[in-house]
Amino acid sequence: MHNRNFLTLIPACSLVLVPSGAVAKEEDRIALEPSGAWNADFGDLHCRLNRTMIGKDADAVFSLTLEPIPTHAKMHISLRAEDEIKPKAGRADVLIDGSAGEGSHYSKRGYANDFQIWEFSVDLSRADIGATQSSISLRTDYGDNFELSLDGFSEAWAVMETCLADLHSFLEIDTDSLDRMAVAPKGEIHEFVDLPRKYTETSFSILYTVSSDGKIASCDLMKASGDEKIYGKICQDFIAKGKLEPARDADGKPLAVPQFRSLSVMQMEFSEVTRF
């Protein structure tokens, strides 16, 4: 892999966190102001925006991460706090500049290294993050609600798009078919991969091509950790068994497209072979 850069952008963001409650009162909001510039972290398999923040009682960090062929945006809010919070997971609504998108998105929270941490997996087909002009609101079904004021986000997002173009070139990803894609392939990798009957924890990233008939035309393991017995056969099983609903263009015609996925697997012992 070649060396990727870490860029500093002009300061242009403020962040507001809203504690529990379906409708937060103005006095309940925790306002955080920038304590540094936007930073763009260019990794071998990701593009990430980071911003350190400071508020009345705590420091915070906001980050947004995209993979080479992004279907979801990973958003993290980390708030420095001595008090731990109970882990929770659920759904979240996303509002862009006050307007709600379609459907809901996955969310979870936890505590690590003196930070309360929230993670949001935002489906980009339901929320156009790149169109953000001034704010993003995140409202979880477990009561934690956030309001992010994102002045200057357009300039920061432009840097992310440059990063993605660089990744596409480096990984030799065919962007012509992606530009023509109106509907992404449907189906999950875990439907075609068997797991062993024991505890295991494995993470991996793969770059693959879904052909116009839904079969897996190619698969490359880009990054992996954990149980080699699992990630070592992911691509083999996926090519042999994989059958997805193909991508389609604006006219509804199927077309072959590249896809990228990062997955984590945690499997406990069961009485028979299971899927993740």
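According to the working numbering, the sequence shown is numbered sequentially starting from 6.
Ideal placement from N, C-alpha and C gives every residue a C-beta, glycine not left out.
Can you list, in chain order, the residues of its chain with a C-beta nearer than 8 Å to that of residue i? Leave out the 5 residues immediately preceding and following it.
i, result
"S40", "T57, M58, I59, D64"
Taking residue i and residue j to be in contact with their CB atoms under 8 Å, please state how far apart those CB atoms are, rounded to whole angstroms.
i, j, result
"P263", "I178", "5 Å"
"K191", "E250", "4 Å"
"S210", "M227", "5 Å"
Taking residue i as the reference, give the member of the options with the closest Cα.
i, options, result
"K238", "D199, L69, E89", "D199"
"C168", "E38, L50, H77", "L50"
"S68", "D88, I141, H173", "I141"
"K93", "R266, G231, E152, Y111", "Y111"
"D133", "D232, D102, S154, Q121", "D102"
"E206", "D225, S216, G231, A222", "G231"
"N55", "D149, M80, S130", "M80"
"K246", "C224, G257, E233, L143", "C224"
"S109", "G135, Q241, C52, A97", "A97"
"A229", "A222, I221, C240", "C240"
"D156", "T137, F120, E233", "T137"
"D254", "K113, A189, A222", "A189"
"A36", "D256, F265, S154", "S154"
"I235", "D256, R266, V270, A222", "V270"
"D184", "P75, A45, E193, N44", "P75"
"I244", "E233, S104, A45, E193", "E193"
"E124", "A105, S130, V99, R131", "V99"
"D44", "E160, A222, T214", "Checking the sequence shown, residue 44 turns out to be Asn, not Asp. Answer by Cα proximity: E160."
"G95", "R144, F158, S182", "R144"
Less than 9 Å between the beta carbons of residue i and residue j, yes or no?
i, j, result
"I90", "V66", "no"
"H173", "L268", "no"
"P261", "S217", "Inspection of the sequence shows that residue 261 is occupied by Ala rather than by Pro. Yes, the pair counts as a contact, with Cβ atoms nearer than the cut-off."
"D149", "R114", "yes"
"A86", "D128", "no"
"A78", "S139", "no"
"F197", "D146", "no"
"D171", "F47", "yes"
Which residues in the same chain have their Cβ closer than 7 Å to the Cβ of residue i, if we skip the five residues on either side of it in sequence?
i, result
"G219", "K248, L249, E250, P251"
"L176", "P73, L212"
"W162", "G135"
"L71", "H51, C52, A78, M165, L169"
"E31", "The predicted position of E31 is uncertain, since its pLDDT is 40 and thus under 50; no value can be drawn from it."
In chain order, what residues of the same chain lie with their CB nearer than 6 Å to the CB of residue i, ignoring the 5 residues before and after it?
i, result
"Y116", "E89, I90"
"Q121", "L84, A86, I90"
"T180", "H173"
"S130", "none"
"A222", "T214, S216"
(request) Output the residue ranges of the beta strand (DSSP E) runs that lie fully inside the segment 137-162 and measure 3 residues or longer, sorted by chain position. (result) 140-145, 150-154
(request) Counting only runs of 4+ residues fully inside the segment 180-239, write out the alpha helix (DSSP H) ranges in chain order. (result) 180-185, 233-236
(request) Scan the segment 38-101 and note each continuous alpha helix (DSSP H) run of 4 residues or more that stays entirely inside, going in chain order. (result) none
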